[in-house]
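One structure is given here, and the rest of the page talks about it.
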Amino acid sequence: MPSGEYDPETVEAKWQDRWVEEDTYAYHEGAVDPNTVFSIDSPPPTVSGSLHWGHVYGFTLQDFVARFSRMRGRDVFFPFGYDDNGIASERLTEDELGVEHQDFPRHEFQEMCREVTAEYEAEFNEKMQALGVSIDWDYTYQTIEPRVQRISQLSFIDLYDRGREYRQRAPTIWCPECETAISQVETEDDERPSHFHDIEFSVADDGEAFVISTTRPELLSACVAVFVHPDDEANQHLVGEEAEVPLFGQRVPILKDERVDVETGSGLVMCCTFGDQTDIEWYQAHDLPLRIAIDESGTMTEEADEYAGLSSEEARERIVADLDEAGYLLDRRSITHTVNVHERCGTPVEFLVAEQWYVKLLDKREEYLEAGRQMDWYPEKMFTRYKNWIEGLQWDWSISRQRSSGIPFPVWYCAECDREILADREQLPVDPLVDDPPVGACPDCGHDEFVPEDDVFDTWATSSLTPLINAGWDWNGESGKFEMERPELYPFDMRPQGHDIISFWLFHTVVKCYEHTGEVPFDSVMINGMVLDENRVKMSKSLGNIVSPDEVLEKFPVDAARYWAAGSAVGDDLPYKEKGLRAGEKLLRKLWNASKLVESLADETPDRPDLKAIDSWLLAEQDAEIEYITEKFENREFSKARDRLRSFFWHTFCDDYLEIAKQRLGEGGDVSAAYTIRTAHERFLRLFAPFLAHIAEEIWRDMYGDGSVHNEPWPEPLGVEADFEAGETAMSVVGALRKYKTDHQLSLNATLDEVRVYGSVDGFEEDIRRVMHVETLETLDEEPEVESVITGIDLDYSVVGPQYGSRVPEIEAGIEAGDYAVEDGVLRVADVELDADAFEVNEERRYTGDGEMIETDRALVIVRN
RNA sequence: GGGCUCGUGGUCUAGCUGGUCAUGACGCGGCCUUUACAAGGCCGAAAUCGGUGGUUCGAAUCCGCCCGAGCCCA
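Last residue of the first sequence: 959 in my numbering, with the numbers rising by one and none dropped.
Written out as structure tokens, the structure reads:
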């Protein structure tokens with residue numbers, strides 16, 4: 095039985111171990127009915143070595159749903175995965191081993207990644223288990239494992255076959271540091287110090303000089319045009335002429351375009367291949383030629399003449415010096431400007447032209463929007479983000495990456511005609527760098543040499559397949575179809591996701607799975623907010639405001655953190671607050687102590703006897719609470735469920751009911767009380783189980799069951815009939831008597847001589863009398879001797895407002911002036927008659943008899959002492 | 001620069017399909033040993049609901065503008 099003080103450190107670790115050992119949260123493979131299965135597709139975290147509050151928060155919310163659903167009789171599938179084939183893992187491996195990925199063949203480097211990430215993942219697993227999240231650890235995956243590589247490549251081939259992919263030479267955002275193409279979403283803006291250079295250009299025909307301002311003089315050789323703003327009258331005469339580029343001497347057209355920024359510099363701009371995003375737009379809009387001066391490693395090309403072979407930085411310095419010497423450099427000044435940088439490494443990006451694979455998105459925007467609409471969004475408002483993202487899409491999705499670690503494209507190209515040769519589904523996973531293509535000769539031209547594709551997939555191309563990975567999607571060569579090993583899981587019942595990555599992760603997952611299966615992959619999406627610090631600022635390394643979960647969990651029980659996590663509406667950001675955890679800790683202590691008391695008062699549950707009034711009242715109240723809490727869980731309104739449960743348990747059960755039951759059971763065998771106290775308590779444990787997973791388990795196994803509380807059914811209403819009116823009135827009388835004692839500085843067990851109650855407390859008289867230590871308690875059938883003084887009229891505005899509209903102020907003025915009369919339940923004021931439902935007479939009652947009267951909203955209580 | 005979200009007692013939060021004295025918790029003050037819990041119980045003080053203008057008989061709630069924070073996208 096529960097005894098002594100609650101010791102979370104021992105208790106929590108004990109159950110965490112046993113849950114894993116005993117497979118408490120095992121998904122039952124036999125389950126086939128999609129209606130009884132509840133499948134969760136958790137987005138796999140990136141392996142970076144440490145668990146942060148975002149993980150704790152997100153997984154705890156998922157766990158609430160998992161535990162609740164399990165108790166509601168669903169076969170819960172709660173898997174776990176790692177996204178470990180991205181740049182983060184690649185860098186982790188490089189740092190850990192002190193190597194550069196360029197120095198190894200791809201498969202060797204991948205092997206190193208697997209080894210390094212495996213260590214971090216093992217540590218992460220332990221921490222996850224120490225959070226008590228009800229994951230089935232038999233279902234895990236790594237996005238870098240061969241099985242997932244196969245699924246990724248199958249996905250590529252399937253999309254290709256469906257005409258959803260294409261290869262195109264197109265401007266690409268390039269990180270010279272990582273030497274890879276990156277997508278738009280992987281870049282961010284950053285303020286960087288730089289220099290503005292005023293460079294003298296001239297008109298080719300007449301030699302008229304004009305000034306170009308640029309931050310990138312190293313791109314002079316890549317200059318393909320000069321632009322003038324259409325509103326720039328002073329320079330309008332240049333339009334249509336040709337300009338001669340200094341040092342390099344190429345002639346370029348002078349054109350007009352409204353995208354010229356007239357605020358900065360001279361108002362004349364050079365367009366290069368490619369200095370920035372606008373250059374790409376100009377290249378497309380004005381059909382300009384390409385002059386590629388910087389290659390993929392950030393080195394100057396032949397296009398840069400004598401500067402070829404230099405790094406772009408070296409070339410910049412040399413070119414600036416040469417411009418200066420030749421008299422072309424008119425000014426050079428320091429500025430700070432916004433540049434596009436790669437979010438991972440902070441290097442300013444370049445824009446190159448390269449052959450890339452794309453997934454088509456733009457042509458099916460409407461369909462993808464509709465797919466999003468078909469999912470239930472918790473909270474609903476987050477659908478807007480998905481919608482805005484789709485509506486704002488401008489580019490298809492580039493999935494090519496030039497990296498060592500990653501999943502290879504299963505493609506070769508004919509060395510002669512460039513025809514694309516895709517791998518056979520049966521041979522996947524393949525690595526074209528090592529493996530041979532499935533044909534000996536090109537089907538188009540018969541040539542027998544092939545060039546392997548050496549790019550790998552964008553990491554999102556794989557992490558957007560998690561529903562398929564979890565469901566065991568694969569190609570069956572015999573049936574010639576895609577099949578799922580666990581089809582009952584798909585579509586998944588719930589997809590959890592942070593609100594910061596709805597736009598690409600969730601969106602890409604919906605798109606890919608929808609294309610492969612023809613079905614929207616999720617019935618519902620649950621969006622979680624970000625964890626902020628105590629001052630409501632997002633935690634980040636650069637601000638140094640990170641609070642590590644490890645530290646906190648040394649001080650507080652996991653259940654307290656779980657209590658905290660339930661403290662905000664789903665989707666809203668949640669500040670980390672020690673106070674929130676302390677409140678949780680207090681609840682654990684209260685639950686523990688109350689359980690000790692329950693066990694000491696009644697150590698077994700008798701068969702259900704005829705229940706006394708207060709007992710059926712408590713159980714009926716609990717029924718109503720269960721209904722409320724169940725509904726809140728279903729709607730993912732955890733904080734409402736939590737607060738209502740806590741408050742009902744603490745105040746109604748502990749403060750009101752237990753105090754009364756304590757005396758009844760203390761005085762001798764009261765079967766009705768014994769039945770009720772244990773029945774209610776047992777149901778409380780089940781209700782608390784999704785939130786306070788550990789303590790509920792500890793007490794449950796001590797008092798009620800051999801199995802886990804987490805595999806017990808969720809409580810159903812008992813259907814007990816009760817006089818709610820009398821029960822609540824009785825509790826208000828007890829409250830009034832407590833207040834009387836407090837006001838008179840009496841101890842709570844002080845005796846009261848005589849109490850008279852006017853109000854319906856039928857069947858509760860004895861309970862009130864005993865718990866408040868009343869000598870004689872009498873109920874009155876008629877109102878006691880009171881003097882009523884009308885102090886005013888309260889209008890019911892929901893009735894009066896719509897009825898009288900602008901005349902309301904007149905009515906109010908009449909009441910204020912005392913210029914009214916109440917007769918036969920009708921109020922006459924300001925020439926109107928109000929019915930009884932439109933107002934309430936406000937009376938002050940003064941008791942004129944012996945003793946003191948206390949008024950509650952349900953009863954009048956007179957105390958003589 | 002654009003979109004979305006948020007801004008309620010000292011702190012966190014409910015209410016936000018408009019309707020009397022704005023919910024609860026933490027903290028604070030006072031009182032009380034009810035042999036489960038004093039890390040408890042009871043009572044109390046404390047908010048012009050970010051600012052401003054409007055719609056309305058009536059606005060925390062609806063609309064406009066402004067300020068601040070966060071996320072996403074330029």
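Yeah, the Cβ is synthetic: ideal placement off N, Cα and C, and Gly gets one too.
Because the structure is a prediction, the values reported are computed rather than measured.
Under 8 Å between C-beta atoms of residue i and residue j
{"i": "Val339", "j": "Val346", "result": "yes"}
{"i": "Tyr233", "j": "Val242", "result": "no"}
{"i": "Gly180", "j": "Thr603", "result": "no"}
{"i": "Ile238", "j": "Arg200", "result": "no"}
{"i": "Phe342", "j": "Asp300", "result": "no"}
{"i": "Val976", "j": "Leu424", "result": "Residue 976 lies beyond the residue range present for the chain, which begins at 95 and ends at 959; the question has no answer from this structure."}
{"i": "Pro128", "j": "Pro590", "result": "no"}
{"i": "Ile862", "j": "Val828", "result": "yes"}
{"i": "Ser246", "j": "Ala735", "result": "no"}
{"i": "Phe782", "j": "Leu691", "result": "no"}
{"i": "Leu681", "j": "Arg740", "result": "yes"}
{"i": "Met206", "j": "Arg780", "result": "no"}
{"i": "Val619", "j": "Leu647", "result": "no"}
Buried versus exposed, by CB contacts within 10 Å (16 or more), residue i
{"i": "Arg438", "result": "buried"}
{"i": "Gly899", "result": "exposed"}
{"i": "Thr773", "result": "buried"}
{"i": "Phe742", "result": "buried"}
{"i": "Gly623", "result": "buried"}
{"i": "Val318", "result": "buried"}
{"i": "Arg385", "result": "buried"}
{"i": "Gly821", "result": "buried"}
{"i": "Tyr151", "result": "buried"}
{"i": "Tyr260", "result": "exposed"}
{"i": "Ser492", "result": "buried"}
{"i": "Ser431", "result": "Before going further, note that residue 431 is His rather than Ser in the sequence given. Counting Cβ neighbours within 10 Å, His431 comes out exposed, since fewer than 16 surround it."}
{"i": "Gly87", "result": "Here the chain has residues from 95 to 959 only, and residue 87 is not among them."}
Bridge partner(s) assigned by DSSP for residue i
{"i": "Thr393", "result": "Ser405"}
{"i": "Lys680", "result": "Paired residue(s): none; Lys680 is not in a bridge."}
{"i": "Pro502", "result": "Val550"}
{"i": "Trp268", "result": "Ala275, Glu444"}
{"i": "Phe290", "result": "Arg427"}
{"i": "Asp888", "result": "Glu934"}
{"i": "Ile948", "result": "Val955"}
{"i": "Ala319", "result": "Cys365"}
{"i": "Thr309", "result": "DSSP lists no partner for Thr309."}
{"i": "Gly592", "result": "Asn622"}
{"i": "Trp599", "result": "Note: Trp599 sits in no beta bridge, so no partner."}
{"i": "Glu338", "result": "Ser296, Arg345"}
{"i": "Pro669", "result": "Leu626"}
Contacts around residue i, its chain only, beta-carbon distance under 7 Å, and the 5 residues preceding and following it disregarded
{"i": "Pro583", "result": "Per the sequence shown, residue 583 should be read as Leu rather than Pro. Answer for Leu583: Val131, Ser133, Phe171, Asn564, Ala565, listed in chain order."}
{"i": "Gln223", "result": "Gln110, Val114"}
{"i": "Ala535", "result": "His541, Asp542"}
{"i": "Val916", "result": "Val935"}
{"i": "Glu520", "result": "Gly571"}
{"i": "Ala402", "result": "Met394, Thr395, Glu396"}
{"i": "Arg980", "result": "It is not possible to answer for residue 980, since the shown part of the chain is limited to 95 through 959."}
{"i": "Glu408", "result": "none"}
{"i": "Val433", "result": "Asp284, Arg286, Pro442"}
Proximal residues to residue i (C-beta, below 6 Å), its chain only, five neighbours per side dropped
{"i": "Asp325", "result": "none"}
{"i": "Lys350", "result": "Val322, Pro324, Val333"}
{"i": "Glu579", "result": "Gly566"}
Residues of its chain near residue i, where Cβ-Cβ distance is below 8 Å and the 5 sequence neighbours each way are ignored
{"i": "Leu626", "result": "Lys632, Met633, Asp667, Leu668, Pro669, Tyr670"}
Worksheet item: Between the region 290-308 and the region 360-367, do three or more beta carbon pairs fall short of 8 Å?
Response: yes
Fill in: Cβ contact check for the region 719-730 and the region 823-832: 3 or more pairs under 8 Å
no
Worksheet entry | Validate contact between the region 466-486 and the region 525-535 using beta carbons, cut 8 Å, 3 pairs | no
Worksheet item: Any contact of the region 640-653 with the region 146-165, i.e. 3+ C-beta pairs under 8 Å?
Response: yes
Worksheet item: Are the region 841-857 and the region 805-812 touching, with three or more C-beta to C-beta distances below 8 Å?
Response: no
Item to complete: Report yes or no: do the region 926-941 and the region 880-896 share at least 3 C-beta pairs separated by less than 8 Å?
Response: yes
Fill in: Touch test, the region 714-724 against the region 658-665, Cβ-Cβ under 8 Å, three pairs minimum
no
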